[in-house]
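Protein chains in written order, with our numbering: chain A, 1 to 460; chain B, 1 to 460; chain C, 1 to 105; chain D, 1 to 105.
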Amino acid sequence: MVAILYLISALLFIFALRGLSHPESSRMGNIFGVIGMIIAVFTTLMFKSVLSYYEIGAAILVGGAIGSFIALRIEMTALPQLVAAFHSLVGLAAVFVAAAAFYDPVAFSIGKVGSIKTASLVEMSIGTFIGAITFSGSVLAFGKLQGTISGKPIVFKFQHLINALIFLLIIFLIVLFVINQSPTIFWTIVIVSILLGFLVVIPIGGADMPVVVSMLNSYSGWAACGIGFTLSNNLLIITGALVGASGAILSYIMSKGMNRSIINVVLGGFGGEQDTGASKDNSDKIVKQGNAEDAAYIMKNADSVIIVPGYGMAVAQAQHALREMGDILKKEGIEVRYAIHPVAGRMPGHMNVLLAEANVPYEEVLELDEINHDFPMTEVSFVIGANDVTNPAAKTDESSPIFGMPILDVEKSQSVLFVKRSMATGYSGVDNELFYRDNTTMLFGDAKKMCEDIVKSLSA
Amino acid sequence: MVAILYLISALLFIFALRGLSHPESSRMGNIFGVIGMIIAVFTTLMFKSVLSYYEIGAAILVGGAIGSFIALRIEMTALPQLVAAFHSLVGLAAVFVAAAAFYDPVAFSIGKVGSIKTASLVEMSIGTFIGAITFSGSVLAFGKLQGTISGKPIVFKFQHLINALIFLLIIFLIVLFVINQSPTIFWTIVIVSILLGFLVVIPIGGADMPVVVSMLNSYSGWAACGIGFTLSNNLLIITGALVGASGAILSYIMSKGMNRSIINVVLGGFGGEQDTGASKDNSDKIVKQGNAEDAAYIMKNADSVIIVPGYGMAVAQAQHALREMGDILKKEGIEVRYAIHPVAGRMPGHMNVLLAEANVPYEEVLELDEINHDFPMTEVSFVIGANDVTNPAAKTDESSPIFGMPILDVEKSQSVLFVKRSMATGYSGVDNELFYRDNTTMLFGDAKKMCEDIVKSLSA
Amino acid sequence: MEAHSSEVFVIGLTVFFLACIIGYYVVWSVTPALHSPLMGVTNAISSVIIVGAILAAGPQGFDTSKIFGLIGVVLASVNIFGGFLVTYRMLSMFKKKTKKTKEKK
Amino acid sequence: MEAHSSEVFVIGLTVFFLACIIGYYVVWSVTPALHSPLMGVTNAISSVIIVGAILAAGPQGFDTSKIFGLIGVVLASVNIFGGFLVTYRMLSMFKKKTKKTKEKK
Ligand SMILES: NC(=O)c1ccc[n+]([C@@H]2O[C@H](COP(=O)([O-])OP(=O)(O)OC[C@H]3O[C@@H](n4cnc5c(N)ncnc54)[C@H](OP(=O)(O)O)[C@@H]3O)[C@@H](O)[C@H]2O)c1
Ligand SMILES: NC(=O)c1ccc[n+]([C@@H]2O[C@H](COP(=O)([O-])OP(=O)(O)OC[C@H]3O[C@@H](n4cnc5c(N)ncnc54)[C@H](OP(=O)(O)O)[C@@H]3O)[C@@H](O)[C@H]2O)c1
Chain A
1 MVAILYLISA LLFIFALRGL SHPESSRMGN IFGVIGMIIA VFTTLMFKSV LSYYEIGAAI
61 LVGGAIGSFI ALRIEMTALP QLVAAFHSLV GLAAVFVAAA AFYDPVAFSI GKVGSIKTAS
121 LVEMSIGTFI GAITFSGSVL AFGKLQGTIS GKPIVFKFQH LINALIFLLI IFLIVLFVIN
181 QSPTIFWTIV IVSILLGFLV VIPIGGADMP VVVSMLNSYS GWAACGIGFT LSNNLLIITG
241 ALVGASGAIL SYIMSKGMNR SIINVVLGGF GGEQDTGASK DNSDKIVKQG NAEDAAYIMK
301 NADSVIIVPG YGMAVAQAQH ALREMGDILK KEGIEVRYAI HPVAGRMPGH MNVLLAEANV
361 PYEEVLELDE INHDFPMTEV SFVIGANDVT NPAAKTDESS PIFGMPILDV EKSQSVLFVK
421 RSMATGYSGV DNELFYRDNT TMLFGDAKKM CEDIVKSLSA
Chain B
1 MVAILYLISA LLFIFALRGL SHPESSRMGN IFGVIGMIIA VFTTLMFKSV LSYYEIGAAI
61 LVGGAIGSFI ALRIEMTALP QLVAAFHSLV GLAAVFVAAA AFYDPVAFSI GKVGSIKTAS
121 LVEMSIGTFI GAITFSGSVL AFGKLQGTIS GKPIVFKFQH LINALIFLLI IFLIVLFVIN
181 QSPTIFWTIV IVSILLGFLV VIPIGGADMP VVVSMLNSYS GWAACGIGFT LSNNLLIITG
241 ALVGASGAIL SYIMSKGMNR SIINVVLGGF GGEQDTGASK DNSDKIVKQG NAEDAAYIMK
301 NADSVIIVPG YGMAVAQAQH ALREMGDILK KEGIEVRYAI HPVAGRMPGH MNVLLAEANV
361 PYEEVLELDE INHDFPMTEV SFVIGANDVT NPAAKTDESS PIFGMPILDV EKSQSVLFVK
421 RSMATGYSGV DNELFYRDNT TMLFGDAKKM CEDIVKSLSA
Chain C
1 MEAHSSEVFV IGLTVFFLAC IIGYYVVWSV TPALHSPLMG VTNAISSVII VGAILAAGPQ
61 GFDTSKIFGL IGVVLASVNI FGGFLVTYRM LSMFKKKTKK TKEKK
Chain D
1 MEAHSSEVFV IGLTVFFLAC IIGYYVVWSV TPALHSPLMG VTNAISSVII VGAILAAGPQ
61 GFDTSKIFGL IGVVLASVNI FGGFLVTYRM LSMFKKKTKK TKEKK
């Protein structure tokens, strides 16, 4: 019976992910997920050994209240931080579950205190290790994304060597732990793993954090599988595999979108090349500048406009003003569409959520492959707070760190408008030669302010 | 160990199907399938209870020789028959396995003679039932496809009622069998099921046989799952589910392509409406006729030609002559492509295999969605042995039996050439008004002969 | 065929491999526009580890392991509620065009 | 958690559902051009029922069930060899353009 309920719950989780294949079915999918979780929790509560309903109920209420409060208050622009923060909690929870199993192995039927099955010990300590790393790594990622900690990669000598040594130390501790089952060693593993988590993430630049978070997510999925094996619990195995696959695929998509190898990501230590390639001297080149009225004029007289949002739009929270601008243009009979690069913004799907928040219908929001061939037939590309994802150096300059990354071909449209605050480079630190092209007009200013000004000019 | 080997074999089967997502990877996929099967067989041979290697080896050799001989000699145009024939053998094999399990339950650890576990008895008899139906149904399907038996649907009164009664009889027999485990009843089930298989398929038209074969294929997959449950054999469960899903999806694709409901298919008894809708009197309408020289002239002066092959091309074995014609046109600088309707021919993917056999590169062979929007920009559509799949009645005439079926929009090209032997209707029995259009030229004659003649004219 | 310790492991392995293959297909079938909600959902479901925490928190009394279990339940609950709710918020933002439902492909 | 009879059934059920989901995804990912080879391959692999036939044909001696088993082996082998070979023949016909490999999308 228990097994059947767990199976149903696992299938519901699969359908929850499956629902995300289309916005229409996604809400239903989320409901499936919730039902699956409810079934899983209640099934476990029905175990004979589970008696303290009040304490557990209270714990769920407390946790649920905190979680709900955070989820309902958070700004959509702060999603990357949120995911990282939640994520650290999963890691910590895994550590506590492992610790609990260690202190009361009978409740998990894996042996008795002091004589726990070897397989379970190995599993438990690996779970603890991954959980602890996930915890500290995610906390640091959260700090960097939130801006509490500087996003700059902190690099020091022998970094990788030190990490490798710590890793060997942890393996040694695990072996020791499996042999003598000492609580001291257990907690030493926890502390050293937390340290390693910090050290692994600290050299990585703030903007790379989403990849890190996703990788850690994947690891924690595999850890859940491990726990599932120990408990012979298929629900944990299946869910763990789903989460593991999801994290791995998202990391893969991100690294492909940034033209980084996945190995590069797994090894860590990236995001340090922030300043390479930016050194080409462009100070003597001429840049055509414009203001909101110019932009309004150019777009008003066009037939079709493609809007390319990027990280800067998220930072400036410009999505609502942008949508308003788009609406006015549409009312004038101009075709307005949005082009989303796979790694625009700072996490996968980030731009889509922001535009959806601003009530842009999702049919107008297109992915790179869907819209890239339409740029040559488009009059105006309105690039707002995006930079790297439009940089043609990715196609032409073999020495550029972004060479090979797919880009949105805005340069093929008749004219390009760039909204940003300065001539500064984007995340990759690579100068964008598009700024100096004849058909480019730079609109310097904050993304939100600029959109509002354009709206004013259009309405005037 | 056994379980791991079976697991590997199951995974290899999954990869075998996965490989078919692209022609490039498909050959590797087939090899995976072969390896998986070898592992499965050798793993089973290693069972302690399996001792008679010589006999089994001999049986495999005999069967293998027959299978190889048939597979190597068969014409590609006879594929539908071949699948049906092979299919009947799977059904028969299932019956024999079930019978063997019944006579020697110890070898399968499902109990002793006379006191077999109830669950196993139920499973066994259901397996027998499905196996026997698959056997006789496929034999009849083979006969109809091969032409040994008339393809005409044979309809008589109370058909469905009789089938339903026989079905109830079988259920009754199964209950009896589970209770008294008598061999007589076992064989009665076999014989009655064979009868039912014939009766279910006999009212179905010859051209619908592929759907029937595919449905039976699906059923037999589920039956294999059932046997897998009895033997706690995950390999059988997984493989059965794969085969079941494949058969069901292919039937679904076929019925959707023919605009039939899947219920209609499951219930059987379709394909009887052969003559409906054909009665509109068109004898006074004018038809523009042409010959090979006209066709050669028209195509030579075009920029682009789309070839639409259908069942008639397969019957006439015209694929080689057709490809030769295409090659000459390509040499003249004309763009030549092939458009394949999902149910062109008599089984899914039939046309693709025939064109591949004639060395047409698969990049030139396009599916309906890929090419349908290109017809308006195409000068000549060369329809050869196809009829229903081009009939615009599917879009306009709500009373037509094919209304709602997706069709290839050949009528949107500048001119249409139709190669067929007469004004006869196609499989659905519906008249094709395209024949009477101004931009249509009918080329009466056998498909192969016509292609050869056109080749001669082109070369002259 | 009785389930011995190694048999149990192979069954786990079977389920694991099948689930990985499903994960591969299901995640690739997620439309890129919904990758952020995907992160939210996986976050929530990965907290199914709460099952372990509840087992630990289950027995009566108040020993160390029970406290650890309860902390685990709290942490996992934050994630479960937070993850599903934030996903719900994101998803409810994705809207179709309201008027003139032009179908674009 | 020991594997009782009902546990074994649930495990089978788990594997079954997962396999169905995989079947769904894998078969839909088959390109329509290769639907005929798909029929060939499924024909071949559905003959994995040979496993049962071998078990029946295994014991020494010559009783009824052994003969049935051997017949099963013969029939399944026809399918296995025939199915894989005919699929091989079909697949080896699918060729890319030989010269000027223009990539069409
Ligand atoms: N999406 C992901 O999953 C993900 C994950 C990791 C890394 N990344 C990386 O992130 C980058 C994303 O590319 P992107 O084109 O979206 O961003 P980007 O290349 O980082 O450029 C953002 C631009 O926005 C401008 N900006 C910042 N704040 C602004 C404000 N308030 N108002 C107006 N403009 C503002 C900045 O220029 P000014 O300073 O001149 O204003 C900057 O050049 C890629 O390099 C990608 O590899 C993405
Ligand atoms: N593919 C599948 O999986 C599948 C399965 C079941 C049913 N079907 C059905 O089969 C039909 C397939 O459509 P289709 O357009 O390919 O075929 P069709 O509509 O059956 O038409 C075939 C045409 O070929 C002509 N023909 C026959 N032999 C010929 C020869 N030797 N030389 C030249 N022409 C010849 C016939 O006309 P003449 O007699 O005038 O020559 C006939 O009109 C659909 O209705 C579909 O629903 C397909």
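The C-beta atom is built at its ideal place from N, Cα and C for all residues, glycine as well.
Bear in mind that the values here come from a model prediction, so they are computed numbers and not experimental data.
Nearest-angstrom Cα distance between B/K48 and B/M313?
54 Å
Quick one: what does DSSP say A/P309 is sitting in, helix, strand or coil?
strand
Of the choices B/E364, B/T118, B/N291 and B/L169, whose alpha-carbon is the least far from that of B/S457?
B/N291
Pull up the DSSP beta-bridge partners for A/I384, would you.
A/P309 and A/V419
Using a Cβ-Cβ cut-off of 8 Å, state whether B/R260 counts as contacting chain D.
no
So A/A394 packs on D/V10, CB below 8 Å; how close in whole Å?
Their Cβ separation, rounded to whole angstroms, is 52 Å, which puts A/A394 and D/V10 out of contact at 8 Å.
Can the beta-carbon of B/I35 be found closer than 8 Å to that of B/L12?
yes
Quick one: does the C-beta of B/M351 sit closer than 7 Å to a heavy atom of ligand 1?
no
Kindly list, in the order they appear in chain D, the residues whose Cβ is closer than 8 Å to that of A/I170.
Residues of chain D passing the Cβ test: none, with the nearest at roughly 30 Å.
Counting beta carbon pairs with one atom in the stretch 82-91 of chain A and one in the stretch 142-151 of chain A, are three or more of them shorter than 8 Å?
yes
Separation of D/T31 from C/L55, as counted between CA atoms:
47 Å
Span separating the alpha-carbon of B/S138 from that of A/V410
58 Å
At the level of alpha carbons, what is the spacing between B/V62 and B/F69?
11 Å
Does the CB of B/L11 have a neighbour CB from chain C at under 8 Å?
yes
Which residues in chain A have a C-beta closer than 7 Å to the C-beta of D/V10? List them in chain order.
A3, I4 and L7
Where does B/E461 sit, in a helix, a strand or coil, going by DSSP?
The shown model of chain B, from 1 to 460, leaves out residue 461 of chain B, and the question about it has no answer.
Is C/L18 close to chain D, meaning its C-beta is less than 8 Å from at least one C-beta of that chain?
yes
May I ask you to list the residues that DSSP assigns as paired with B/F252?
For the record, residue 252 of chain B in the displayed sequence is Tyr; it is not Phe. DSSP output for B/Y252 lists no bridge partner at all.
Cβ pair count under 8 Å reaching 3, the stretch 383-391 of chain A against the stretch 301-312 of chain A
yes
Answer yes or no: the CB of A/Y311 versus the heavy atoms of ligand 3, is any distance below 7 Å?
For the structure depicted, ligand 3 is absent and the ligand set comprises only ligand 1 and ligand 2.
Measure the C-alpha to C-alpha separation of A/S246 and C/T87 and round it to an integer number of angstroms.
15 Å
Evaluate the contact criterion for the stretch 218-225 of chain A versus the stretch 87-104 of chain A: three or more CB pairs, one atom per stretch, below 8 Å.
yes
Strictly by DSSP, which residues pair up with B/V336?
B/V305
Does C/S46 come within less than 8 Å of chain A when only Cβ atoms are used?
yes
Using a Cβ cut-off of 7 Å, pull out every chain C residue sitting near D/Y25, in sequence order please.
Y25
Nearest-angstrom Cα distance between A/N359 and A/G257?
26 Å
9 Å Cβ cut-off: residues of chain C touching D/I22:
L18, I21, I22 and Y25
Beta-carbon separation of A/P23 and A/Y362 under 8 Å?
yes
Within 8 Å (strictly less), CB to CB, does C/E2 reach chain A?
Residue confidence for C/E2 is low, a pLDDT of 38 falling below 50, so the modelled location carries little weight; the figure read from the coordinates is stated next. Output row for C/E2: interface = no.
Any heavy atom of ligand 1 closer than 7 Å to the Cβ of C/T31?
no
Determine the DSSP secondary structure at A/Q414, reduced to helix, strand or coil.
coil
Contact list for C/T42 against chain D, beta-carbon separation under 9 Å
The contacting residues do not exist; C/T42 stays about 18 Å from chain D at best.
Does any C-beta atom of chain D lie closer than 8 Å to the C-beta of B/S150?
no
Could you check whether B/P80 and B/R260 sit closer than 8 Å to each other, using their CB atoms as the reference points?
no
Note down, in chain order, every chain D residue with its Cβ under 7 Å from the Cβ of A/I14.
I21
Give me the Cβ distance between C/S6 and A/G64, rounded to the nearest whole Å; I'm assuming they're in contact under 8 Å.
Actually they are not in contact, since the Cβ atoms of C/S6 and A/G64 sit about 40 Å apart, beyond 8 Å.
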